[in-house]
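Notes to accompany the following structure.
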Amino acid sequence: MRTFAEVYVERGVHVARTRVDEQGGGALVWNEVVKVRFHKGLAERDVMAAVNVDIYADSHLGLEKPVGNARVLLCDALKGGDAAEPADNPIQCLTTQVWRDSGRPQGWLNLWVPPTGRFLSRRESMSFSVREREKVDAAAEEVVEEEKRVGED
Numbered sequence: 001m002r003t004f005a006e007v008y009v010e011r012g013v014h015v016a017r018t019r020v021d022e023q024g025g026g027a028l029v030w031n032e033v034v035k036v037r038f039h040k041g042l043a044e045r046d047v048m049a050a051v052n053v054d055i056y057a058d059s060h061l062g063l064e065k066p067v068g069n070a071r072v073l074l075c076d077a078l079k080g081g082d083a084a085e086p087a088d089n090p091i092q093c094l095t096t097q098v099w100r101d102s103g104r105p106q107g108w109l110n111l112w113v114p115p116t117g118r119f120l121s122r123r124e125s126m127s128f129s130v131r132e133r134e135k136v137d138a139a140a141e142e143v144v145e146e147e148k149r150v151g152e153d
């Protein structure tokens with residue numbers, strides 16, 4: 001089954017779409033960061049505001065058949081947290097039931113949500129990647145060269 005998901009809080013504001021899962025079959029895997037935008041203060045104003053995930057089966061004819069949907073309340077997903085203390089704010093895993101339109105359960109959806117609602121920095125692993133280390137080193141070299149030029153003047 002070729003599936004994709006649409007993720008949104010307010011459908012009229014922003015809908016994020018995942019890529020089509022070509023190999024998942026019955027065990028769907030997207031494993032990607034999806035950024036969802038919504039109005040500031042919505043979580044405080046509306047206690048029923050939720051992250052909605054609608055899952056569709058994609059066909060070669062361009063038809064999209066609904067597979068199921070899941071909802072996670074924003075108050076359960078966003079826990080606050082201090083961006084200055086990333087070690088004290090682990091990314092939480094939320095598991096929620098996926099429901100068919102008929103009301104029958106379809107499966108489970110695992111979501112990883114940072115407590116502040118945003119990933120503090122994108123990492124390929126918990127350690128620095130080689131590419132990021134090279135960027136940091138190159139930026140440091142540019143600063144040193146600029147300081148040398150300013151010192152010579």
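Residue numbers (the UniProt record's numbering): 1 to 153.
Cβ coordinates follow ideal geometry from the N, Cα and C atoms, glycine included.
Note that the structure is predicted; figures quoted are calculated from it, not measured.
Residue from 135, 96, 72 with nearest C-alpha to residue 43 = Taking the first residue of the sequence shown as 1, we reach residue 43 at position 43. Closest option to residue 43, Cα to Cα, is 72.
Please look up how many angstroms separate the CB atoms of residue 38 and residue 9, rounded, as I've assumed it's under 8 Å.
-> The residue labelled residue 38 in the question sits at position 38 within the sequence shown. The residue labelled residue 9 in the question sits at position 9 within the sequence shown. The pair is a contact, with the Cβ atoms about 4 Å apart (cut-off 8 Å).
Who are the Cβ neighbours of residue 96 in its own chain at under 6 Å, not counting the five residues just before and after it?
-> Sequence index remark: in the sequence shown, residue 96 carries index 96 (1-based). Contacts found: 70, 72, 109.
Within 10 angstroms of the Cβ of residue 29, are there 16 or more other Cβ atoms? Answer buried if so, exposed if not.
-> As a first step, residue 29 must be located in the sequence shown, where it is residue number 29. Classification for residue 29: exposed.
Could you spell out the range, first to last residue, of the beta strand (DSSP E) harbouring residue 6?
-> Taking the first residue of the sequence shown as 1, we reach residue 6 at position 6. Element bounds for residue 6: 3-8.
Under the rule that 16 or more other beta-carbon atoms within 10 Å means buried, what is residue 49, buried or exposed?
-> Along the sequence shown, read from residue 1 onward, the residue named residue 49 stands at position 49. Classification for residue 49: buried.
Boundaries (first-last residue) of the alpha helix (DSSP H) holding residue 43 | Taking the first residue of the sequence shown as 1, we reach residue 43 at position 43. Where residue 43 is concerned, the enclosing alpha helix (DSSP H) stretches over 42-45.
Minimum C-alpha distance to residue 57 - residue among 68, 47, 51 = Here residue 57 refers to the residue found at position 57 of the sequence shown. Ranking 68, 47, 51 by Cα distance to residue 57 puts 68 first.
Where the alpha helix (DSSP H) containing residue 77 begins and where it ends = On the sequence shown, position 77 is the one that residue 77 refers to. It spans 74-77 - the alpha helix (DSSP H) in which residue 77 sits, taken as one unbroken run.
Residue 55 versus residue 2 - alpha carbon distance = On the sequence shown, position 55 is the one that residue 55 refers to. On the sequence shown, position 2 is the one that residue 2 refers to. About 10 Å.
Measure the alpha-carbon distance for residue 12 versus residue 23 and round it to whole angstroms.
-> For the purposes of this step, residue 12 is identified with residue 12 of the sequence shown, where counting begins at 1. For the purposes of this step, residue 23 is identified with residue 23 of the sequence shown, where counting begins at 1. Straight-line Cα distance between these residues: approximately 31 Å.
Assign residue 64 to one of three DSSP states: helix, strand, or coil.
-> Here residue 64 refers to the residue found at position 64 when the sequence shown is read from its first residue. Strand, per DSSP.
Rounded to whole angstroms, what's the CA-CA distance from residue 121 to residue 93? Just pull it up for me.
-> By one-based count along the sequence shown, residue 121 stands at place 121. By one-based count along the sequence shown, residue 93 stands at place 93. Low confidence applies here, because residue 121 scores a pLDDT of 48, under 50, leaving its location unreliable; read the following figure in that light. Those two C-alpha atoms are separated by around 18 Å.
Rounded Cβ spacing between residue 34 and residue 15 (contact assumed at less than 8 Å) = Here residue 34 refers to the residue found at position 34 of the sequence shown. Here residue 15 refers to the residue found at position 15 of the sequence shown. Contact flag wrong, Cβ pair sits at about 10 Å.
Beta-bridge pairing of residue 107 - partner residues as DSSP gives them | In the sequence shown, counting from the first residue as 1, residue 107 sits at position 107. In DSSP, residue 107 forms a bridge with 98.
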